[in-house]
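Following: one structure in structure tokens, then a few remarks.
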Amino acid sequence: MTEEDKELELLKAKRMLEMQKNISQRQKIEEVKPESNAQKVSPRDIVLKQLGYRGEEVLQNAESQFPNETQTIIEKLAELVQGGEITEIIDGGKLLTLFRSVGIRVRMQTTINVEQDGKMVSWSDKLKGESKSLSESGSDPESSSDSQAEVSNNNFNENNF
């Protein structure tokens, strides 16, 4: 072999090494791409991680009542959370206030509970129970005055307020 042949072989070997390095780098990049796609978290998931007490309930109501507007707000909140501008936990009251401040009146189901005989009873059930006792007592004149007295006592009992 002549010197030119040896140089040519060395150049071929160097070129082969470069090609192998390029191929291995491309393979590594292609392996990283699917992992980065899998690691992308949706804006909703980012916001859900920041929500506290009853926050998810408010978010679900907002999504069902105002889907387009809520999606926009979720995206902006996710940007703020990722940017580090929002670090605190957002409870349901704060989220509801946020929606209302931008003009979105999210309706929430509300109940009023009162204590009756040591149990928490909804206000509507308590009123229904009192109206039933009044209607039942209306058929018997002697018991009607007693049941009315019970109703008036229940209305002014300090434990009910």
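Here the sequence shown is numbered in full-length UniProt numbering, starting from 1 and rising by one per residue.
For every residue, glycine included, the Cβ atom is placed at its ideal position computed from N, Cα and C.
This one's a predicted model, so the numbers in the text were calculated from it and none came from an experiment.
Burial state of residue 73 is buried, judged by a 10 Å Cβ sphere holding 16 or more other Cβ atoms. In the DSSP annotation of this structure, the continuous segment of the beta strand (DSSP E) that includes residue 122 starts and ends at 119-122. With fewer than 16 other Cβ atoms inside 10 Å of its own Cβ, residue 13 counts as exposed.
Boundaries of the alpha helix (DSSP H) around residue 58: 55-65. If the five residues before and after residue 111 are omitted, its C-beta is found closer than 6 Å to the C-beta atoms of 122, all from its own chain and listed in chain order. Of 118, 114, 119, the smallest CA-CA separation from residue 127 is found for 114. In the three-state scheme derived from DSSP, where H, G and I count as helix and E and B as strand, residue 130 is classed as helix. Residue 116 sits in a strand when the DSSP states are folded into three classes. Within 10 angstroms of the beta-carbon of residue 41 lie fewer than 16 other beta-carbons, which makes it exposed.
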